[in-house]
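S.K.:
Protein chains in written order, with the working numbering: chain G, 2 to 115; chain C, 353 to 463.
Below, the structure written as structure tokens:
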């Protein structure tokens, strides 16, 4: 079956522009996670959705970052007024409900802010 | 807060050598422990997991044992192959639902 998909796979933008990153989780997975993978910072948790609500936003690095999820499926991560330090690979994962259920990762979106 | 520390790479081995990648953790609760692998050009994949003390996770010849007394989850493989070349991440899930990752260890296996 289809895995987690993310789009775009690569995004190059200019400093100060807004970007939207999309994640399509595995059908039936109620939990959705965003992580960021960057040089020097490793893999960082950003935000977690259970259904359409986000009980844990603790990893969002600033108020320029926001995310939403609609219909318990697709999620969009938006970064406003991008900065060069936002350059990273943004990973999305989904899982069945429950802490111990395996998280399946998408291929990521590589964001480069010039 | 929770944290995971793993040995820095790169680790370079010859084919059929024995592999150990060390991982230790700090957690406030009673975490579940994971190893994820990222092959070149691919996304993160779960390699193995353990949910309680003394559990041994295993997959594809890799093993790791959950050691509560030493707060460790070291990854081992008896005989590595060139195809095992990848970046390996140790991770935990504690009270929250998100994964806390170590910094990753790059493994390079030479023929």
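Glycine is no exception: its CB is placed at the ideal position from the N, C-alpha and C atoms.
Indicate whether at least one CB of chain C lies closer than 8 Å to the CB of residue 46 of chain G.
M.R.: The C-beta of residue 46 of chain G comes closer than 8 Å to at least one C-beta of chain C.
S.K.: Report yes or no: do the region 54–63 of chain G and the region 355–362 of chain C share at least 3 C-beta pairs separated by less than 8 Å?
M.R.: Verdict: no, contact absent.
S.K.: On a CA-only basis, which of C:413, C:441, C:424 and C:396 is nearest residue 458 of chain C? Give me that one, please.
M.R.: It is C:441 whose Cα lies nearest to the Cα of residue 458 of chain C.
S.K.: Does DSSP put residue 8 of chain G in a helix, in a strand, or in coil?
M.R.: strand
S.K.: Can you tell me the Cα-Cα spacing of residue 314 of chain C and residue 384 of chain C, whole angstroms?
M.R.: What the structure shows of chain C is the stretch from 353 to 463, and residue 314 of chain C is not part of that stretch, so it cannot be assessed.
S.K.: What does residue 441 of chain C touch in chain G if you count any residue whose Cβ is under 9 Å from its own?
M.R.: 43 and 44
S.K.: Please name the residues in the region 8–30 of chain G whose beta-carbon is closer than 8 Å to at least one beta-carbon of chain C, in chain order.
M.R.: The residues in question: there are none.
S.K.: Can you tell me where the beta strand (DSSP E) with residue 104 of chain G in it begins and where it stops?
M.R.: First-last for residue 104 of chain G: undefined, no H or E at that position.
S.K.: Rounded to whole angstroms, what's the CA-CA distance from residue 23 of chain G to residue 386 of chain C? Just pull it up for me.
M.R.: 26 Å
S.K.: Hey, is the region 4–22 of chain G in contact with the region 408–415 of chain C, meaning 3+ C-beta pairs nearer than 8 Å?
M.R.: no
S.K.: Would you mind reading off the limits of the beta strand (DSSP E) that contains residue 418 of chain C?
M.R.: Premise fails: residue 418 of chain C is in no beta strand (DSSP E) and is neither H nor E.
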